[in-house]
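Shown next, in structure tokens, is the structure this report addresses.
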Amino acid sequence: MFRTARCFALAAATVCLSVPALAQTPSDVRDGKVAVIGENPGIRLVTKDGAPPSTSVSFWRVFQSPAGMGHVCFVTSDITGDGPTPDDVRLVFTDNEKLADYVATQLMTAFDKSYAEKPFPVRHARFERSGDTATAWTETVKADGYSIDLVWRDFYEPFAIESRAGVPHNPYTIVSTFIPAKTAEVVINGKHAAGTATPRMRGTRQSSSAFLAFAETWLK
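In the numbering used here, the protein residues as written are 50 to 269.
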């Protein structure tokens with residue numbers, strides 16, 4: 050341990066005392082630039098085991114980002130589950146178009162390049178939240194020609210996750226708290242989208258294809 054000397058003049062004599070210097074403690078600051086802070090619940094519904102999702106929703110409530118605050122909701126839905134029909138939806142709803150572009154091109158493309166290669170048509174929307182994590186949580190999206198309710202119910206035990214950058218090819222470290230739902234609904238203009246949420250494991254914890262994701266931070 051390094052020591053520093055402190056000297057005192059006592060009755061015409063100088064006395065030097067050796068005292069410990071302050072120890073250097075490890076920093077608890079995580080490396081990386083904050084890319085986004087907020088919430089990122091999701092819903093994926095399937096009509097049969099092993100099938101790709103008939104409805105997929107990624108909802109963002111952003112508290113801080115380089116593109117500001119706001120809401121972004123990506124919705125892809127074969128509402129009836131019977132293949133392509135005129136009522137199918139592939140849209141992004143937002144109250145901040147700059148934020149929607151940022152989330153699509155800078156964040157979502159880390160997992161799915163189609164968000165940049167095949168941009169979602171944008172609809173300006175209003176957003177409301179209701180319910181709780183004890184019974185049911187609802188996010189409501191309203192835009193010209195659209196009223197969408199996203200509902201999560203019957204929750205599993207919450208757990209925290211940390212997805213580290215580079216595993217497998219993700220450039221972001223993501224820290225979040227998941228509250229998986231046993232059941233979920235996507236209601237578009239009064240029609241319940243076909244399909245159900247499916248249970249799945251995340252490591253040793255029970256999760257689901259429908260989940261609330263709170264206290265979420267992305268670092269790069």
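The beta-carbon is built from N, C-alpha and C at its ideal position, and this holds for glycine as well.
Ranges of the beta strand (DSSP E) found wholly within the stretch 139-182, counting only runs of at least 3: Secondary structure in the stretch 139-182: the beta strand (DSSP E) runs of 3 residues or longer, each lying completely within the stretch, are 171-180 in chain order.
Roughly how many angstroms lie between the CA atoms of GLU177 and ILE92, to the nearest whole one? Their backbone Cα atoms lie some 17 Å apart in a straight line.
- Task: Alpha carbon to alpha carbon, how far is ASP137 from TYR205? Give it in angstroms, no decimals.
- Result: Their Cα atoms are separated by approximately 31 Å.
Rounded separation between ASP161 and ALA259 - CA only: In a straight line, the C-alpha of ASP161 is about 18 Å away from that of ALA259.
Limits of the beta strand (DSSP E) - the one that ILE128 falls within: In this chain, ILE128 is not harboured by any beta strand (DSSP E), its DSSP state being neither H nor E.
Here's a check: name, in chain order, each residue in its chain whose Cβ is nearer than 8 Å to the Cβ of GLY239, leaving out the five neighbours to either side. Within the same chain, GLY239 has close Cβ partners SER196.
Less than 6 Å between C-beta atoms, sequence neighbours within five positions excluded: which residues of the same chain meet that for PRO90? Cβ neighbours of PRO90 beyond the five flanking positions: PHE108, LEU261, ALA262.
task: Let me know if GLU265 comes out buried or exposed under the rule of 16 or more other beta-carbons within 10 Å of its beta-carbon.
output: With 16 or more other CB atoms across the displayed protein chains lying within 10 angstroms of its CB, GLU265 is buried.
* Who are TYR221's beta bridge partners in DSSP? -> Bridge pairing for TYR221: absent [DSSP].
- Query: With respect to the beta strand (DSSP E) encompassing VAL106, which residues constitute its N-terminal and C-terminal limits?
  - Reply: Where VAL106 is concerned, the enclosing beta strand (DSSP E) stretches over 104-113.
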